[in-house]
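Numbering-wise (the working numbering), the sequence shown opens with residue 412 and increments by one.
Note that CB positions come from ideal geometry on N, CA and C, so glycine has one too.
Contents: one structure, followed by commentary.
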Amino acid sequence: MQPEHIIIHPEVAPYVAHIQLNRPKELNALNLQLMGELRDALKALDADDSVRVIVLSGNEKAFAAGADIKQMAGKSAIDMYTTDQFSTWDTIKKTKKPIIAAVSGFALGGGCELMMLCDMIVASETARFGQPEIKLGVMPGAGGTQRLTRAVGKALAMEMVLTGRFITAQEALQAGLINRVVPVELYLQEAVKLAKEAAAMSPLALKMAKEAVLKAFDTTLEEGLHFERKNFYLLFAGEDQKEGMQAFIEKRAPVFTGK
Ligand code: CAA
């Protein structure tokens, strides 16, 4: 069945697919259906050998303005517990291929949290980031207190989470939340360019390197180093390691196959 709230652009560059959140009238508010469609699309692209890197965007006005407040407003705690809507985030987190967020306009609440599940973030000058849940009488529920704090540190995370203040793209760049800021007409193009650069690498190495970087947030230094070393050694089982090193020796560009 065709998804209703996302658009999948299969090959925007070699080995790069693009998923666009598409509820523009609601500023891409993340309702249950959209999140389910996104989860399914990411799962399918993760299993597709013709894709190595995924770009995730909204539109110029909004990446996503958060979880759908209208869908949540009347729910009881038991409804929330039973539906467990944020469990979808756990599946998205398991995507092995790198995901690059292309962000313009609002990335708020669940939108900011979804963006922080991505591995690199390209923003337009108009991007605004925030965790405004406090203004709704609640708090971030899909990683905002944890991933934001790890990315920007306690001082700014506390300010954003406790006051709901939005930060600009420049502030986000300075704080280390995002990778780069470009003029609004270039944000998607720049994200695809970054994706293309990564997609020229070995797909196996990309996955294992992503896994190892993420491990740094989850474990002790000693365990993380051990994990990294194992992934490094494991890559010697694949043909891409032979190709990459042989190409260097022969002074030519490598051709990676992911085998
Ligand atoms: N949920 C549902 N609908 C939303 C929405 C959201 N998160 N954000 C915007 N919309 C809807 C608005 O209700 C409006 O719909 P109508 O035209 O039917 O009234 C439409 O999108 C356009 O929005 P605005 O008219 O408000 O646009 P604006 O430019 O004046 O303001 C905004 C933009 C500042 C982003 C404002 O829409 C806003 O504050 N949105 C809510 C942001 C927010 O609080 N997000 C956190 C949600 S909770 C959460 O995400 C929990 C979690 O941790 C996962």
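Task: Cβ distance (whole Å) where V514 is taken to contact A538 below 8 Å - done: What you label residue 514 is simply residue 103 of the sequence shown in a count that begins at 1. What you label residue 538 is simply residue 127 of the sequence shown in a count that begins at 1. With a Cβ gap of about 5 Å, V514 and A538 count as contacting.
Open item on the list: Is E524 close to the ligand NAD? I mean its beta-carbon at under 7 Å from any heavy atom of the ligand.
Closed with: The ligand NAD is not part of this structure, which contains only the ligand CAA.
Open item on the list: Buried or exposed, going by whether 16 or more other CB atoms sit within 10 Å of the CB of H637?
Closed with: Working through the sequence shown from its first residue, we reach residue 637 at position 226. Exposed, because fewer than 16 other Cβ atoms sit within 10 Å of the Cβ of H637.
Task: Own chain, CB closer than 6 Å to M578, minus 5 neighbours either side, in chain order - done: As a working note, residue 578 is residue 167 in the sequence shown. Here residue 578 is Ile; the residue named in the question, Met, does not match the sequence. For I578, where only same-chain residues beyond five positions count, the Cβ hits under 6 Å are F540.
Open item on the list: My output table needs one value for H429: the three-state DSSP class, helix, strand or coil.
Closed with: Here residue 429 refers to the residue found at position 18 of the sequence shown. In this structure, H429 counts as strand in the three-state DSSP scheme.
Open item on the list: Please return the same chain residues whose Cβ sits closer than 6 Å to the Cβ of S613, not counting the five positions on each side in sequence.
Closed with: In the sequence shown, residue 613 corresponds to position 202, counting from 1. Only D651, F667 meet the Cβ criterion.
- [ ] Return yes when the C-beta of P543 is under 7 Å from any heavy atom of the ligand CAA, and no when it is not.
- [x] Counting from one through the sequence shown, the residue named residue 543 turns up at place 132. Checking the Cβ of P543 against the ligand CAA gives yes.
Task: Own chain residues within Cβ distance below 7 Å of P421, not counting five before or after - done: Your numbering for residue 421 matches position 10 in the sequence shown. Excluding sequence neighbours, P421 sits near A428.
Open item on the list: For the alpha helix (DSSP H) containing P614, name the first residue and the last one.
Closed with: On the sequence shown, residue 614 is found 203 positions in, with the first residue counted as 1. Segment 614-626, the alpha helix (DSSP H) holding P614.
Open item on the list: So, at 7 Å on beta carbons, what are the nonlocal neighbours of D530 in its own chain, with the 5 sequence-adjacent residues on each side left out?
Closed with: Taking the sequence shown and counting its residues from 1, one reaches residue 530 at position 119. Correct list, in chain order: P509, I510, I511, K621.
Open item on the list: Judging by CA-CA distance, which residue of E639, F628, A627 is the nearest neighbour of M619?
Closed with: Numbered from its first residue, the sequence shown carries residue 619 at position 208. That would be E639, whose Cα lies nearest to the Cα of M619.
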